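Reviewing the structure listed below.
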Amino acid sequence: MCLAIPGRIEQVFEADGMKMGKVDFAGIRKSVCLEYSPDAVCGDYVLVHVGFAISVIDQEEAARTLAILRTSGELGELDTPGSGGQ
Amino acid sequence: MKFVDEFRDLEIAQSLSSQIKQTATKHWKIMEVCGGQTHTILQYGLPDLLPPTIELLHGPGCPVCVTPLEMINKAIAIATVADVIMCSFGDMLRVPGSEGDLLQARAHGADVRIVYSPLDALALARRNPDKRIVFFAVGFETTAPANAMSVYQAKKLGVENFFLLCSHVTVPPVMVSILQAANNQVQAFLGPGHVCSVMGWSEYEHISRHYQIPIVISGFEPVDLLEGILLCVRQLEAGQTHAENQYARAVSRQGNKVAQDILMEVFDVSDRMWRGLGTIPKSGYKLSHAFRKFDAEREFAVEAISTQESDQCISGQILRGLKKPFHCSAFGKECSPEHPLGATMVSSEGTCATYYKFGKHDLSAVGARQQ
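Chains P and G, in that order, give the protein sequences. Just so you know, the numbering used here puts 53 at position 52 of the first sequence, and the rest follows in order with no gaps. Just so you know, the numbering used here puts 977 at position 215 of the second sequence, and the rest follows in order with no gaps.
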C-alpha cells in the first residue's frame, strides 16, 4: 500500500492551481501532483505514491550509498579469506 | 528502472548477506514494519540469505489489513445509496465485509470504482455534479497527504459532492503498542521508509530512546532491507539502541514539511480501531473541524453494524510478531486469499497472503530453522 515508484519529471505544468508534472516511469508517462515537491524541476527523480510526488530522490546520496555498499563488500571479503563462496 | 535496479544488485546483496553472517553471534528478532517490506522479503527469499540466528517478524504495516470490518460494512452500506459513486484503491474493494465485498456490491448494481489517485475521485465529483462521490480513504502517513489534498482542493474549488470515508492509521503508536505488550518479542525494527519520506524520522528517535531499541528506517528493495538488517544487527551486537536512516536517498530527518502542513490542516489525530489489534489511542486521523462537511460518516448516517470475527484467526498475534502464518490451523485451508478469515489474509500485503503467495506453507521448511 505504501508502494512508491521513482520516476523522472519530463514536464512541469499547472492544473486547477496545483503544480503538476508529466513523469516518466521507464517508458510509461503519467500526470503526477507536484504540490508536495515544490522545488522539483524537470530532470529530477521523484518518488511517486498514489499520483503524488512525496519526495525528490537525492541522487548524490543514492550514489554514495551504492559506492559504500560496493566498497564495504570488498573489505568484507578481505577480512575473511575463503568466505567468498558462501 | 533507475533507483530500483541498482538496489536489487545480486553481488551487493550477497556481500551484505555475508557481512550479516559475520556480524551476528546471538539470536535476534527483527520486525519489518511495512507490508511492502514483508512482500519484498518473501518475494526475494531474503530469509535464506540470513544466518539461522536472525529471525524476521512481520509487522502491522498493511493499512488495508487493519481497516476494521465495521468500516468495510459501512463502505458497502454507503455504496448502495442510489446517488453514490464509491471509489477507492483496488485492494480495498476486494476486502470482504460481513456480507460480501464492494466488488460484489457493484455486481448487484452499486456504482463502485477503482481509482489510482484520490484526485481522480475528485475529478469524478466535478464531472458528476448530480452524484455524491465517496472516496474510501485508507492508508498510513504515506497516503494521508494525498487524500488530504483531495479534500483541500475540493474546499478550494467549492466542490460540494465529494466526501471521504476516513480510516487513516499512523505507524508510531502501533509500534509503541507492540513494545508495551508484556509478551513483546521485537528486539529491533526496520522502520517504514515511505512513511518517513513524509513524516521524517524524529518520532522514531523518541521511540528508540524511550524503549531502548534499535530502529533503522529502511527502503523497500532487497539491498535496502539487507542493509537495514545489517545495521540492526550491528547495533544489537554492540548493545547500542538508536534510530538511524538507511533510506537516505528518499528520507530526511525533518521529512516533507509541505505535506505535513496540509496533513495537519485537514486532519486531527484520533483514536483508531485496528482490525486484529483493537483500539489504539491517538493512532490515526479524522477530518478536522474545518473540513468536517466532507466527512462521509456525517453525510450518511450509517448505523453501527455489529460484526463477528472468526474464532480461528490468529491475525492479532501475527501482527505483533508473536506467531507466523504456519502456526494457524486455518492457514491455507479454511483461510486463503479467496476466502480470508481475518486481517492478515485480506490484502496482498498481509503477512498471511504473502506467505500463501510465495508458498511458505510448510512448517518443516520455514519453521524448522526457527525452532
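Glycine is no exception: its CB is placed at the ideal position from the N, C-alpha and C atoms. The model shown is predicted, which means the values in this text are computed figures rather than measured ones.
Note the first and the last residue of the continuous beta strand (DSSP E) segment covering G:H972. Locating residue 972 of chain G in the second sequence gives position 210, where the first residue counts as 1. Unbroken run through G:H972 is the alpha helix (DSSP H), S964 to Y973; no beta strand (DSSP E).
Can you give the Cα-Cα distance for G:D853 and P:V57, rounded to whole angstroms? Looking up residue 853 of chain G in the second sequence gives position 91. Looking up residue 57 of chain P in the first sequence gives position 56. Taking the straight line joining both Cα atoms gives about 27 Å.
Using the Cβ count rule (16 or more neighbours within 10 Å means buried), how would you classify G:D986? For the purposes of this step, residue 986 of chain G is taken as residue 224 along the second sequence, with counting starting at 1. Buried, by the Cβ-count rule.
Residues of chain P with a CB under 9 Å from the CB of G:E989: which are they? As a position in the second sequence, residue 989 of chain G is number 227, starting the count at 1. In chain order: T66 and L70.
Under the DSSP definition of a beta bridge, which residues are partnered with P:R30? Against the first sequence, residue 30 of chain P aligns to sequence position 29. P:R30 pairs with P:D25.
Tell me where the beta strand (DSSP E) around G:Y1150 begins and ends. This structure cannot speak to residue 1150 of chain G, because chain G is shown only from 763 to 1133.
Here's the rule I'm using: 16 or more other beta-carbon atoms within 10 Å means buried, otherwise exposed. How should G:H870 be labelled? On the second sequence, residue 870 of chain G is found 108 positions in, with the first residue counted as 1. Exposed is the call here.
Quick check: the Cα distance between G:K764 and P:L4, rounded to an integer number of angstroms? Locating residue 764 of chain G in the second sequence gives position 2, counting from the first residue. Locating residue 4 of chain P in the first sequence gives position 3, counting from the first residue. So the two alpha carbons sit approximately 16 Å from each other.
Quick one: what's got a C-beta closer than 6 Å to G:L811's C-beta in the same chain, skipping five residues either side? Position 49 of the second sequence holds residue 811 of chain G. Hits under 6 Å: S779.
Taking the alpha carbon of G:G798 as the reference point, which residue from G:R888, G:K893, G:G901 and G:D771 has its own alpha carbon closest? On the second sequence, position 36 is the one that residue 798 of chain G refers to. Considering only alpha carbons, the answer is G:G901.
Short Cβ contact (9 Å threshold) for G:P813 with G:A775: The residue you call residue 813 of chain G lines up with position 51 of the second sequence. The residue you call residue 775 of chain G lines up with position 13 of the second sequence. Result no, Cβ atoms of G:P813 and G:A775 do not sit closer than 9 Å.
Can you give me the C-alpha to C-alpha distance between G:C1075 and G:R1082, rounded to a whole angstrom? Residue numbering aside, residue 1075 of chain G sits at position 313 when the second sequence is read from its first letter. Residue numbering aside, residue 1082 of chain G sits at position 320 when the second sequence is read from its first letter. It is roughly 14 Å from the alpha-carbon of G:C1075 to the alpha-carbon of G:R1082.
DSSP state of P:H50 mapped onto helix, strand, coil: Translated into positions along the first sequence, residue 50 of chain P becomes position 49. Three-state DSSP puts P:H50 in a strand.
Kindly indicate which three-state DSSP category G:V938 falls into: helix, strand or coil? Walking along the second sequence from the start, residue 938 of chain G turns up at place 176. G:V938 falls in the helix class under three-state DSSP.
Is P:L88 helix, strand or coil when you go by DSSP? Because chain P is modelled from 2 through 87, residue 88 of chain P falls outside the range shown and cannot be assessed.
Please list the terminal residues of the continuous beta strand (DSSP E) segment that includes G:M763. On the second sequence, position 1 is the one that residue 763 of chain G refers to. No beta strand (DSSP E) holds G:M763; DSSP gives it neither H nor E.
Determine which residues share a DSSP beta bridge with G:Q1008 and list them. As a first step, residue 1008 of chain G must be located in the second sequence, where it is residue number 246. DSSP output for G:Q1008 lists no bridge partner at all.
Between the beta-carbon of G:Y1009 and the beta-carbon of G:F1029, is there less than 9 Å? Taking the first residue of the second sequence as position 1, residue 1009 of chain G is located at position 247. Taking the first residue of the second sequence as position 1, residue 1029 of chain G is located at position 267. No.
Using the Cα positions of G:S879 and G:S970, report the straight-line distance between them to the nearest angstrom. For the purposes of this step, residue 879 of chain G is taken as residue 117 along the second sequence, with counting starting at 1. For the purposes of this step, residue 970 of chain G is taken as residue 208 along the second sequence, with counting starting at 1. About 34 Å.
According to DSSP, is G:H1051 part of a helix, a strand, or is it coil? Indexing the second sequence from 1 puts residue 1051 of chain G at position 289. Helix at G:H1051.
When we look at the beta-carbon of P:C43 and count the other beta-carbons within 10 Å, is it buried (16 or more) or exposed? As a position in the first sequence, residue 43 of chain P is number 42, starting the count at 1. That one is exposed.
CA nearest to the CA of G:V1013, picked from G:L831, G:H1089, G:H820 and G:V957: Taking the first residue of the second sequence as 1, we reach residue 1013 of chain G at position 251. Minimum Cα distance to G:V1013 is reached at G:V957.
Examine the ligand MN and report whether any of its heavy atoms sits within less than 8 Å of the Cβ of G:I991. Ligands in the displayed structure: none, and consequently the ligand MN is not present.
The beta strand (DSSP E) that contains G:I792, what's its start and end? To locate residue 792 of chain G, count along the second sequence from 1; it is residue 30. First-last of the beta strand (DSSP E) with G:I792: W790 to C796.
Could you confirm whether any beta carbon from chain P is found closer than 9 Å to the beta carbon of G:A911? As a first step, residue 911 of chain G is located in the second sequence; it is residue number 149 there, counting from the start. The sequence shown places Met at residue 911 of chain G, not Ala. It does: the Cβ of G:M911 has a partner Cβ on chain P nearer than 9 Å.
When the Cα atoms are used, what is the spatial distance from P:T72 to G:A908? If you number the first sequence from 1, residue 72 of chain P lands on position 71. If you number the second sequence from 1, residue 908 of chain G lands on position 146. Each residue's alpha carbon lies about 39 Å from the other.
From G:P822 to G:G1001, what does the alpha carbon distance come to, in whole angstroms? For the purposes of this step, residue 822 of chain G is identified with residue 60 of the second sequence, where counting begins at 1. For the purposes of this step, residue 1001 of chain G is identified with residue 239 of the second sequence, where counting begins at 1. So the alpha carbons of these two residues sit roughly 26 Å apart.
Taking its Cβ as the centre, do 16 or more other Cβ atoms sit within 10 Å of G:V896, making it buried, or is it exposed? Reading the second sequence from its first residue, position 134 is the one you call residue 896 of chain G. Looking at its Cβ environment, which holds 16 or more other Cβ atoms inside 10 Å, G:V896 is buried.
For G:L952, does the three-state DSSP call read helix, strand or coil? For this step, residue 952 of chain G is matched to residue 190 along the second sequence. G:L952 carries a strand assignment under DSSP once its states are collapsed to helix, strand and coil.
So, are the CB atoms of G:S1072 and G:A1052 less than 9 Å apart? As a first step, residue 1072 of chain G is located in the second sequence; it is residue number 310 there, counting from the start. As a first step, residue 1052 of chain G is located in the second sequence; it is residue number 290 there, counting from the start. No, Cβ-Cβ distance for G:S1072 and G:A1052 is not below 9 Å.
Tell me which residues share the same chain as P:G18 and place their Cβ nearer than 8 Å to its Cβ, disregarding the 5 neighbours each side in the sequence. Along the first sequence, read from residue 1 onward, the residue named residue 18 of chain P stands at position 17. Same-chain partners within the cutoff: there are none.
Sequence-distant residues of its chain with Cβ nearer than 6 Å to G:T1116 (five each side left out): As a first step, residue 1116 of chain G must be located in the second sequence, where it is residue number 354. Closer than 6 Å at Cβ, skipping near neighbours: T800, H801 and L804.
Coarse secondary structure for G:L808, derived from DSSP in three states: Working through the second sequence from its first residue, we reach residue 808 of chain G at position 46. Here G:L808 sits in helix by DSSP.
Let me know the alpha helix (DSSP H) ranges lying completely inside the segment 1064 to 1092 of chain G, each 4 residues or longer, listed in chain order. Runs of the alpha helix (DSSP H) inside the segment 1064 to 1092 of chain G: 1077 to 1081.
Endpoints, alpha helix (DSSP H) assigned at G:G994: Indexing the second sequence from 1 puts residue 994 of chain G at position 232. Position check: residue 994 of chain G holds Cys in this sequence, whereas Gly was assumed. Looking at the DSSP string, the run of the alpha helix (DSSP H) that includes G:C994 is P984 to A1000.
For P:I29, does the count of other Cβ atoms within 10 angstroms reach 16, so buried, or fall short, so exposed? Counted from its first residue, the first sequence places residue 29 of chain P at position 28. That one is exposed.
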